[in-house]
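Asker:
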Amino acid sequence: MDINIRFWSKVDKSGECWVWTAGRTAAGYGMFHSNTSRAHLAHRYAFELANGPIPTGMHVRHTCDNPPCVRIDHLVIGTHADNMRDMSERKRAATGDRHGMRLHPDRRATGDKHGSHTHPESRHAATRSHDRETSQTAEATCSLSLSDNHHPTGMDT
Ligand SMILES: [Zn+2]
């Protein structure tokens, strides 16, 4: 089966967030096993399906703070330094473009409001910073476990 079809067949698109329905990591991130039997974090895989390979060292984060969500509109790419800067300044749009690798998938949903306070993430601002910190730690932990164990959760079918 085509890898794209197989991937999206595991996703529930009935809600605002597109939720991964197959195996998950302990932190709640979706786990996808590609044809090579390599384990991938589902949200990162979804991002790469849409935008191409994630540059080394870059993070894919959720604007919705929902770890199993794989909706492209809810995923943004950034560096660890970006994350830190976000948390302290919340001015990502103002500083990000000089990297030349920001893909702004969230623009598609809302039109380009670049640099304005109408960024779609703002409605989540109340809960965002706490969950983000948790998620980031979880993702780092998960990446480590993925590299030496193809079935860290034992939940894959
Ligand atoms: Zn979402």
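For the sequence shown, the positions run 6 to 162 when this note's numbering is used. Beta carbons: idealized from backbone N, C-alpha and C, even for Gly.
1) To the nearest angstrom, report how far apart Trp25 and Tyr50 are at their CA atoms.
2) Label Ile8 either buried or exposed according to how many other C-beta atoms from any shown protein chain fall within 10 Å of its C-beta, with 16 as the threshold for buried.
3) First and last residue of the beta strand (DSSP E) that includes His48?
4) In whole angstroms, give me the CA-to-CA distance for Ile10 and Val16.
5) At which residues does the alpha helix (DSSP H) containing Ile10 begin and terminate?
6) Indicate the three-state DSSP secondary structure (helix, strand or coil) for Ile77 in the structure shown.
Answerer: In brief:
1) The straight-line gap from Cα to Cα measures roughly 12 Å.
2) The residue is exposed, with fewer than 16 neighbouring Cβ atoms inside 10 Å.
3) Careful: His48 lies outside any beta strand (DSSP E), inside the alpha helix (DSSP H) at Ala47 to Asn56.
4) In a straight line, the C-alpha of Ile10 is about 10 Å away from that of Val16.
5) From DSSP, the alpha helix (DSSP H) with Ile10 extends over Ile8 to Trp13.
6) Of the three classes helix, strand and coil, the one that applies to Ile77 here is helix, per DSSP.
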